[in-house]
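>
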Amino acid sequence: MRSVILAAALGLVSTAALAEDFKFASFFAPTHPYVEGAFDPFAEAVAEKSDGALSVTIYNGGELGPGPAEQYSRVLDGVAELAVSLPGYTASTFPLTLVAELPGVLDTETGTADIWNNIELFQPEYRRAILVSLWSSAPNQLYTRDKAVRSPADVKGMKIRVPSRNTGLLVEAWGATPVSMPVSEIYNAMQTGVIDGAMIDTTATRAFRLGEVANYLTIGMDTTNSPFFILANRDAFNSLDEAQQKALLDAGKEASVKANEVQLAVAAGGVEAFAEIEGREVIELTAEEAAAFNALSAPVTEKVVAETGGNAQAIVDALAH
């Protein structure tokens, strides 16, 4: 009996020793809704689907190195086996993925499912890293500090923070000056007047406290969204056996759906929260007011798709409703 127990114990030790652990680099604060709503379930799903042969340890708040834009490099360099970021921060590397963020391409409610139903169209640009998860976000809306925006004339001359090149082109089409900066810098930049406003989804009301520094929130026009992805280091992924790889990818696809659901719910709450702050105004454009913006936005989509080439038009045809 003793030898059986010992053998069993040795077997457990052996299994534990063979288990792989992937470090997951996240720039989000531990309190961000993505962590509880998508990232933690992703780690749990990987362990479950791999029967404990593969685990994921999440390092939140930039613990493995700060900065959203740098996460892609960290996964390429193997600082972390997994990282979450936005393709918009390394736009020149992911032009096809960013076609999905253009005005009029994705439907907010079905966008993530539509992406995964056509995922093969995006795969050509994931050669250096493995695409584990990809989801669309709630639309970027316009937070402004001092001026209510109801028309492109109101935006003209403003300095507006943008999350990607494509959103910069959109803002330029409206007559404003785009300013590129990470999400973590928006609060201070708006508070000090370095920027007049910011294009970002409305989770930012609470997650990045923009309700404290913006007085107006304009919604209702065709605009960009900001896709997010989770990538894996290619060498680390290739070191896994086939079952572990499948566990990681299946869990990643599930995480895409969960993250998108979290995003849309929190974004809707962000609009409500902004409206409830004393002295703040949510400006929901009328159809006529939105049309003035949309007329300027449509050529941006056409221009970017033409310049991108490759699968770009096929992506628009597949995703647009």
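Numbering-wise (the numbering used here), the sequence shown opens with residue 1448 and increments by one.
Don't be surprised by glycine CBs; every beta carbon is placed ideally from N, CA and C.
(1) Quick one, are the C-beta atoms of Thr-1769 and Ser-1583 less than 8 Å apart?
(2) In whole angstroms, give me the CA-to-CA distance for Phe-1469 and Arg-1597.
(3) Between which residues of its own chain and Arg-1612 is the CB-CB distance below 6 Å, once the five residues before and five after are set aside?
(4) Of the residues Ser-1673, Val-1626, Phe-1655, which one's Cα is nearest the Cα of Leu-1553?
(5) Using 8 Å as the threshold, is the C-beta distance between Thr-1755 and Gly-1551 below it?
(6) Comparing alpha-carbon positions, which option in Gln-1692, Leu-1657, Ala-1527, Leu-1501 lies nearest Gly-1512?
(7) Is Val-1713 near Leu-1664, with beta carbons less than 8 Å apart?
(8) Give me the residue from Leu-1696, Gln-1710, Asp-1593 with the minimum Cα distance to Lys-1496.
(9) If you follow the beta strand (DSSP E) that Pro-1625 is in, where does it begin and where does it stop?
(10) Buried or exposed for Asn-1437, please, with buried defined as at least 16 other CB atoms from any protein chain shown within 10 angstroms of its CB.
(11) Decide if Glu-1725 is buried, meaning its Cβ has at least 16 other Cβ atoms within 10 Å, or exposed.
(12) Kindly indicate the opening and closing residues of the beta strand (DSSP E) around Lys-1496.
(13) Report buried or exposed for Asn-1635, applying the criterion of at least 16 other Cβ atoms within 10 angstroms of its Cβ.
(14) With respect to the alpha helix (DSSP H) encompassing Thr-1652, which residues constitute its N-terminal and C-terminal limits?
(15) Quick check: the Cα distance between Asn-1758 and Leu-1578, rounded to an integer number of angstroms?
(16) Contact defined as beta carbons within less than 8 Å: I believe Val-1630 pairs with Phe-1655. What is the distance between those atoms, to the nearest angstrom?
(17) Would you say Tyr-1481 and Phe-1475 are within 8 Å of each other, going by their C-beta atoms?
(18) Which runs of the alpha helix (DSSP H) at least 4 residues long sit entirely within the segment 1659-1734? Give them in chain order.
(19) Could you check how far apart the C-beta atoms of Val-1641 and Ala-1623 are, in whole angstroms? I think they sit under 8 Å.
(20) Taking Val-1630 as part of the beta strand (DSSP E), name the residues at either end of that continuous run.
(21) Based on DSSP bridge pairs, tell me the residues matched to Ile-1647.
(22) Please state whether the Cβ-Cβ distance between Pro-1599 and Phe-1740 is less than 8 Å.
(23) Let me check understanding here. Comparing Cα to Cα, which of Ala-1490, Tyr-1590, Ala-1720 lies closest to Val-1660?
(24) In terms of DSSP beta bridges, what is Pro-1504 paired with?
(25) Between Ala-1494 and the rest of its own chain, which residues show a CB-CB distance below 8 Å, the 5 nearest in sequence each way excluded?
(26) Buried or exposed for Lys-1693, going by 16 or more other Cβ atoms inside 10 Å?
(27) Taking DSSP as the reference, what is the three-state secondary structure of Ala-1530?
(28) Mark Lys-1705 as exposed unless 16 or more other C-beta atoms lie within 10 angstroms of its C-beta, in which case mark it buried.
(29) Could you tell me the distance, in whole angstroms, from the CA atom of Ala-1464 to the CA atom of Gln-1691?
In short:
(1) Coverage of the chain is limited to positions 1448 through 1768, which leaves residue 1769 absent and any answer about it impossible.
(2) Taking the first residue of the sequence shown as 1, we reach residue 1469 at position 22. Taking the first residue of the sequence shown as 1, we reach residue 1597 at position 150. One C-alpha to the other measures close to 47 Å.
(3) As a first step, residue 1612 must be located in the sequence shown, where it is residue number 165. Only residues of its own chain outside the window of five on either side were considered, and among them Ala-1538 have a CB closer than 6 Å to the CB of Arg-1612, listed in chain order.
(4) For the purposes of this step, residue 1553 is taken as the residue at position 106 of the sequence shown. Of the listed residues, the one whose Cα sits closest to Leu-1553 is Ser-1673.
(5) Mapped onto the sequence shown, residue 1755 falls at position 308. Mapped onto the sequence shown, residue 1551 falls at position 104. Cβ distance not < 8 Å, so Thr-1755 and Gly-1551 don't count as in contact.
(6) Residue 1512 sits at position 65 when you count from the first residue of the sequence shown. Nearest of Gln-1692, Leu-1657, Ala-1527, Leu-1501 to Gly-1512, Cα basis: Ala-1527.
(7) In the sequence shown, residue 1713 corresponds to position 266, counting from 1. In the sequence shown, residue 1664 corresponds to position 217, counting from 1. For Val-1713 and Leu-1664, no; Cβs fall outside 8 Å.
(8) Reading the sequence shown from its first residue, position 49 is the one you call residue 1496. The shortest Cα separation from Lys-1496 among Leu-1696, Gln-1710, Asp-1593 belongs to Leu-1696.
(9) The residue given as residue 1625 occupies position 178 in the sequence shown. Element bounds for Pro-1625: 1624-1627.
(10) No statement about residue 1437 is possible, as the shown extent of the chain runs from 1448 to 1768 and does not include it.
(11) As a working note, residue 1725 is residue 278 in the sequence shown. Burial call: exposed.
(12) On the sequence shown, position 49 is the one that residue 1496 refers to. That residue, Lys-1496, is in no beta strand (DSSP E); its alpha helix (DSSP H) goes 1487-1496.
(13) Position 188 of the sequence shown, counted from the first residue, corresponds to residue 1635. The residue is exposed, with fewer than 16 neighbouring Cβ atoms inside 10 Å.
(14) Residue mapping note: residue 1652 aligns to position 205 of the sequence shown, counting from 1. First-last of the alpha helix (DSSP H) with Thr-1652: 1651-1654.
(15) In the sequence shown, counting from the first residue as 1, residue 1758 sits at position 311. In the sequence shown, counting from the first residue as 1, residue 1578 sits at position 131. Answer to the nearest angstrom: the Cα atoms are 17 Å apart.
(16) To locate residue 1630, count along the sequence shown from 1; it is residue 183. To locate residue 1655, count along the sequence shown from 1; it is residue 208. With 8 Å as the limit, Val-1630 and Phe-1655 qualify as a contact, their Cβ atoms being about 6 Å apart.
(17) To locate residue 1481, count along the sequence shown from 1; it is residue 34. To locate residue 1475, count along the sequence shown from 1; it is residue 28. With a cutoff of 8 Å on beta-carbon distance, Tyr-1481 and Phe-1475 are scored as near each other.
(18) Qualifying alpha helix (DSSP H) stretches, in chain order: 1681-1685, 1689-1723.
(19) By 1-based counting over the sequence shown, the position of residue 1641 is 194. By 1-based counting over the sequence shown, the position of residue 1623 is 176. In fact, because the Cβ distance is near 14 Å, the residues do not count as touching under 8 Å.
(20) Stepping through the sequence shown from its first residue, residue 1630 is reached at position 183. Counting along the chain, Val-1630 falls outside any beta strand (DSSP E), and DSSP gives it neither H nor E.
(21) As a first step, residue 1647 must be located in the sequence shown, where it is residue number 200. Ile-1647 pairs with Gln-1588.
(22) In the sequence shown, counting from the first residue as 1, residue 1599 sits at position 152. In the sequence shown, counting from the first residue as 1, residue 1740 sits at position 293. One thing to note: Pro-1599 has its Cβ within 8 Å of the Cβ of Phe-1740.
(23) In the sequence shown, the residue the question calls residue 1660 occupies position 213. Among Ala-1490, Tyr-1590, Ala-1720, the Cα nearest to that of Val-1660 belongs to Tyr-1590.
(24) Position 57 of the sequence shown holds residue 1504. Strictly speaking, residue 1504 in this sequence is Thr, with Pro absent from that position. Note: Thr-1504 sits in a beta bridge opposite Lys-1470.
(25) Numbered from 1 along the sequence shown, position 47 holds the residue referred to as residue 1494. Leu-1501, Ser-1502, Val-1503, listed in sequence order.
(26) Taking the sequence shown and counting its residues from 1, one reaches residue 1693 at position 246. Residue burial annotation: Lys-1693 is exposed, with fewer than 16 other C-beta atoms found within 10 angstroms of its C-beta.
(27) Within the sequence shown, the letter at position 83 stands for residue 1530. In the three-state scheme derived from DSSP, where H, G and I count as helix and E and B as strand, Ala-1530 is classed as strand.
(28) Taking the sequence shown and counting its residues from 1, one reaches residue 1705 at position 258. By the neighbour-count criterion, in which 16 or more other beta carbons inside 10 Å mark a residue as buried, Lys-1705 falls on the buried side.
(29) Locating residue 1464 in the sequence shown gives position 17, counting from the first residue. Locating residue 1691 in the sequence shown gives position 244, counting from the first residue. Any answer about Ala-1464 is weak, because its pLDDT of 47 lies below 50 and its placement is not dependable; what the coordinates show is given next. About 16 Å.
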